[in-house]
Amino acid sequence: MAMRKERIEALKRKKNAIILAHNYQRAEVQDIAEFVGDSLELARIAMDTTADLIIFCGVDFMAETAAILNPHKKVIIPDVCAICPMAQQLPQEVLRAAKSEHPDAEVVLYVNTLAESKALADCICTSANAQEIVRAMDAPTILFGPDRNLAYHAQKGTSKTIIPVPEHGNCPSHHQITLEDLQEAKDAHPNARIMVHPECIPEVQDRADYIASTSGMVKICKAVEDEEFLIGTEIGLLHRLEKEAPGNKFYPLSNTAVCPQMKMITLEKIEAALEHEQPEVVIPPGIMEKARKPIERMLALSV
Ligand code: 13P
Ligand code: SF4
Numbered sequence: 103m104a105m106r107k108e109r110i111e112a113l114k115r116k117k118n119a120i121i122l123a124h125n126y127q128r129a130e131v132q133d134i135a136e137f138v139g140d141s142l143e144l145a146r147i148a149m150d151t152t153a154d155l156i157i158f159c160g161v162d163f164m165a166e167t168a169a170i171l172n173p174h175k176k177v178i179i180p181d182v183c184a185i186c187p188m189a190q191q192l193p194q195e196v197l198r199a200a201k202s203e204h205p206d207a208e209v210v211l212y213v214n215t216l217a218e219s220k221a222l223a224d225c226i227c228t229s230a231n232a233q234e235i236v237r238a239m240d241a242p243t244i245l246f247g248p249d250r251n252l253a254y255h256a257q258k259g260t261s262k263t264i265i266p267v268p269e270h271g272n273c274p275s276h277h278q279i280t281l282e283d284l285q286e287a288k289d290a291h292p293n294a295r296i297m298v299h300p301e302c303i304p305e306v307q308d309r310a311d312y313i314a315s316t317s318g319m320v321k322i323c324k325a326v327e328d329e330e331f332l333i334g335t336e337i338g339l340l341h342r343l344e345k346e347a348p349g350n351k352f353y354p355l356s357n358t359a360v361c362p363q364m365k366m367i368t369l370e371k372i373e374a375a376l377e378h379e380q381p382e383v384v385i386p387p388g389i390m391e392k393a394r395k396p397i398e399r400m401l402a403l404s405v
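All residue numbers for the sequence shown refer to the working numbering, where the first residue is 103 and numbers rise by one.
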């Protein structure tokens, strides 16, 4: 492993490459990345970097977002099979049908969507800014997709009518966390504060002390010491929390909250990706231009 890490470092220098990793990546992948973050942070970093090559360790929609924001850079995803199942739940035909049913509504899409659907949106949001973005829209009715649980969270910040598209979109890794899991974890750690991702079901969100994006959770935990937290998100985040907020104790709300697609990226695949500069993320130019507008609008609206 040490040899592989050295080879990766040498390739990064030789090719002026940067490795970006999402908070759910394997520990060893996080540790070799220049930057580890949530979807919003990774989109911003991808836009600011001076690297020629971006190795994106995450799932398809994240790498696509980096590519859309960087038309003149090469964006590589080390495994093309790292496909977010939630993003697949909103193909453009479904969105087109909802738009013709609600012609006056504005469309806010979670960044966890296909590029072809983003191209039809008025604005993109992430888990870190969903409430802020919905509030900033002009229309009183918002088509919001694909995550119905995030729509529930976004609704809390506004009196606008939010229509989820599709009706029951969700992330399988978060949606499976139940109230029973929460109760069991709370019984085992009665002093722990409950922190959950807005992709969790409404009943779980309603019991939480904090609802935050993955990096939002890290920020909250870094600000305190000698606290216990129950973490209601993908368990990969625990690595970063333990590393960056070591004065606290962290327990997963559910041990089965694992995103198999996030775990597909390995050091071996990263080395191959750097070496061969593929698989490159390629988006048809027509879609790329249209999808960039709502992403840039989000970046401009979000502080
Ligand atoms: P964050 O933007 O909060 O990291 O969430 C991304 C994601 O895919 C959660 O499942
Ligand atoms: Fe998609 Fe859920 Fe995995 Fe996030 S955790 S990438 S929403 S499947």
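The beta-carbon is built from N, C-alpha and C at its ideal position, and this holds for glycine as well.
These numbers come from a predicted model, not from an experiment.
Taking the alpha-carbon of residue i as reference, which of the options has the nearest alpha-carbon?
i	options	result
N125	V177, L376, A375, I367	I367
A145	N293, T167, K288, N272	T167
A123	E329, E111, G160	G160
Y312	I120, A359, H255, L113	H255
S229	Q191, D240, P292, C302	C302
E329	N350, K345, S315	N350
H204	V267, F352, E379, P274	V267
E130	M103, T151, D140	M103
K395	L281, C225, I134, L340	C225
Quick one: grab the DSSP three-state call for residue i.
i	result
C227	strand
R128	coil
K107	helix
A122	Checking the displayed sequence, the identity of residue 122 turns out to be Leu instead of Ala. Three-state result, L122: strand.
G349	coil
G388	helix
V360	coil
P354	strand
K395	helix
I337	coil
V236	helix
D377	Note on identity: in this sequence residue 377 is Glu, with Asp being the wrong assignment. Helix, per DSSP.
E370	helix
E344	helix
Hey, residue i and residue j: beta-carbon distance below 8 Å or not?
i	j	result
N51	D249	Missing from the structure shown is residue 51; the chain here goes from 103 to 405 and no further.
T243	D206	yes
L222	G247	no
A359	H276	yes
I279	G334	yes
I397	L171	yes
I147	P381	no
L142	S315	yes
I157	I372	yes
L284	I296	yes
D140	K176	no
Tell me whether residue i counts as near ligand 3, meaning its Cβ is closer than 7 Å to at least one heavy atom of that ligand.
i	result
Q278	Questions concerning ligand 3 fall outside what the structure shown contains, since the ligands it does hold are ligand 1 and ligand 2.
List, from N- to C-terminal side, the alpha helix (DSSP H) runs of 4 residues or more that fit wholly inside the stretch 238-320.
Listed in chain order, the complete alpha helix (DSSP H) runs (minimum 4 residues) inside the stretch 238-320 are 250-257, 274-277, 281-290, 304-309.
Quick one: complete alpha helix (DSSP H) runs, 4+ long, within the stretch 141-165?
Segments of the alpha helix (DSSP H) lying fully in the stretch 141-165: 141-150.
Can you confirm whether the stretch 366-380 touches the stretch 195-212 when touching is taken to mean that 3 or more C-beta pairs between the two stretches lie within less than 8 Å?
For the pair of segments examined, the stretch 195-212 was found not to touch the stretch 366-380: the number of CB pairs separated by less than 8 Å stays below three.
Contact the stretch 379-392 vs the stretch 216-223: 3+ CB pairs below 8 Å
Counting C-beta pairs closer than 8 Å gives three or more between the stretch 379-392 and the stretch 216-223, which meets the contact rule.
Does the structure place the stretch 340-349 close enough to the stretch 147-161 that three or more beta carbon pairs sit under 8 Å?
They do not touch, by the three-pair rule.
Hey, which unbroken runs of the beta strand (DSSP E) at 3 residues or more fall wholly within the stretch 172-224?
The qualifying runs are 176-178, 208-212.
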